[in-house]
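One structure is given below, encoded as structure tokens.
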Amino acid sequence: MLSNSSPTPYCVTSATGFGLLLDVDGPISSPVTRTLSQPGIVDSLVTLANAGIPIAFNTGRSDEFLRHEVLAPMVAGGLTPEALVWGIAEKGATWFRFPTSPAETLNLQVDESIVVKKNVYDAARDLTHQHFADLVFFDETKRTMVSLEQLTSVSNHQFKARQNALNEAVATMVAKHGYTIEWHGVPVGAAGADVLHAISPDEPSGEALRVDSSIIAVDIEHPGTGKDVGAQRFVDELLEIGAPVPHRWYTMGDSRSDYTMATWLHENGFEVAHVDVRPADGVPSVPYPVLTHPSLINDDSGAHFLAQWAEMVG
């Protein structure tokens, strides 16, 4: 498992100007269509990558999603083989450098120490099919974590109306398998959170699993994952291949957990500003700049900032 201990040798000045750590759902892909549908996003990403800007898509999505929904359009848009672009999937548990073709075999790396065990994986699939098949689907592409994601045929209003019930069912199932629950990023009222905190394992195993609920899904994941883990993965990958590591970074996300990648960079000596594309959820007090758009949110806001950065290197 990665360590966040300090001091570190990470603060390296490079000629690339800055680096990017980007969440995918929300700022890059539409939370409605789950695709890069916002005009200009792919062009801006390709411009930045081909200009030598190191980019990592630091996401809870799977490597398969990144291959089809992010890599393919970027390659079609003219991404060059020299570009320093990585997919950091499943919140740091899997990672790979973007190949020159979506059909090319991925040099995928998986941290086997933070894989959710098969009994929880299978139980979550059964829970989905038996009780929530009209609301969510079980993401079979995940290798290390469990995701129950809102169906695209279901409105977000419908999903939110049943989200507490889904959260509680998932947490109860996890507890019944003997795990202590780490409740992370709860987007529900205090009553829902209290119910979840009150759930305790029938036969405690001493192990914990994190239940993380977002605007379109509920995830079950190892506590050793996180956007901060993904940030460290990317910096270490750049160092390993001898690529220049920027001193200045922009991070971008739509949830409070996305701030952890900016916090990791700040704590390890980098200059960083974080873009929050959904600030109405609450902007925490952090020791680095937070950038927001006064009227745009989600991938509209993401497209705006990417265009600005692409113009900077254009």
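Per the working numbering, residue 994 is the first one in the sequence shown, and the count goes up by one each step.
Backbone N, C-alpha and C define an ideal beta-carbon position, used for all residues, glycine too.
C-beta atoms of residue i and residue j nearer than 8 Å
{"i": "A1086", "j": "D1056", "result": "no"}
{"i": "L1041", "j": "E1062", "result": "no"}
{"i": "L1120", "j": "V1163", "result": "yes"}
{"i": "L1284", "j": "V1268", "result": "yes"}
{"i": "A1236", "j": "L1077", "result": "yes"}
{"i": "V1306", "j": "I1034", "result": "no"}
{"i": "L1014", "j": "A1049", "result": "yes"}
{"i": "A1201", "j": "L1141", "result": "no"}
{"i": "G1129", "j": "Q1143", "result": "The sequence given here places Val at residue 1129; Gly does not occur at that position. The answer is yes: Cβ separation under 8 Å."}
{"i": "I1213", "j": "V1139", "result": "yes"}
{"i": "F1312", "j": "W1079", "result": "The structure shown does not extend to residue 1312, since the chain is modelled only from 994 to 1307, so the question has no answer here."}
{"i": "R1054", "j": "D1104", "result": "no"}
{"i": "L1064", "j": "V1039", "result": "no"}
{"i": "N1149", "j": "I1208", "result": "yes"}
Presumed contact (8 Å Cβ cut-off) between residue i and residue j, rounded CB distance
{"i": "D1293", "j": "Q1102", "result": "That pair is no contact at about 33 Å."}
{"i": "S1206", "j": "Q1156", "result": "7 Å"}
{"i": "V1270", "j": "P1024", "result": "Rounded, the Cβ-Cβ distance is 10 Å, inconsistent with contact."}
{"i": "P1216", "j": "E1175", "result": "5 Å"}
{"i": "H1170", "j": "N1261", "result": "About 35 Å; that fails the 8 Å criterion."}
{"i": "W1242", "j": "F1091", "result": "Rounded, the Cβ-Cβ distance is 19 Å, inconsistent with contact."}
{"i": "T1134", "j": "F1058", "result": "6 Å"}
{"i": "V1037", "j": "A1303", "result": "What sits at residue 1037 in the sequence shown is Ser, not Val. Yes, S1037 and A1303 are in contact; Cβ-Cβ is about 4 Å, under 8 Å."}
{"i": "N1051", "j": "D1016", "result": "6 Å"}
{"i": "T1145", "j": "R1027", "result": "7 Å"}
{"i": "H1259", "j": "P1280", "result": "6 Å"}
Burial state of residue i, where buried means 16 or more other Cβ atoms lie within 10 Å
{"i": "Q1123", "result": "exposed"}
{"i": "N1160", "result": "buried"}
{"i": "G1301", "result": "Checking the sequence, you will find Gln at residue 1301 rather than Gly. Flag for Q1301 reads exposed."}
{"i": "D1115", "result": "exposed"}
{"i": "E1230", "result": "buried"}
{"i": "D1132", "result": "buried"}
{"i": "D1127", "result": "exposed"}
{"i": "A1184", "result": "Note that A1184 scores a pLDDT of 37, beneath 50, so its modelled location is shaky and nothing firm can be said."}
{"i": "P1287", "result": "exposed"}
{"i": "M994", "result": "Because the pLDDT of M994 is 42, which lies under 50, any placement of that residue in the model is unreliable, and the question is left without a value."}
{"i": "M1245", "result": "buried"}
{"i": "N1291", "result": "buried"}
Item checked: the segment 1264-1283 / the segment 1087-1106 touching (three or more Cβ pairs under 8 Å) -> no
Next item on the list: Kindly confirm or deny that the segment 1206-1222 and the segment 1248-1268 touch, where touching means at least three C-beta pairs closer than 8 Å.
Entry: yes
Check: If you pair each beta-carbon of the segment 1158-1172 with each one of the segment 1111-1130, do three or more pairs fall below 8 Å?
Finding: yes
Next item on the list: Return the chain-ordered ranges of every alpha helix (DSSP H) run that is complete within the segment 1030-1090 and spans a minimum of 4 residues.
Entry: 1034-1043 and 1065-1069
Next item on the list: Go through the segment 1199-1285 residue by residue and report every complete run of the beta strand (DSSP E) that reaches 3 residues or more, in order.
Entry: 1201-1206, 1210-1214, 1241-1246 and 1264-1269
Item checked: Length at least 3, wholly inside the segment 1099-1171: the beta strand (DSSP E) runs in chain order -> 1129-1131 and 1139-1143
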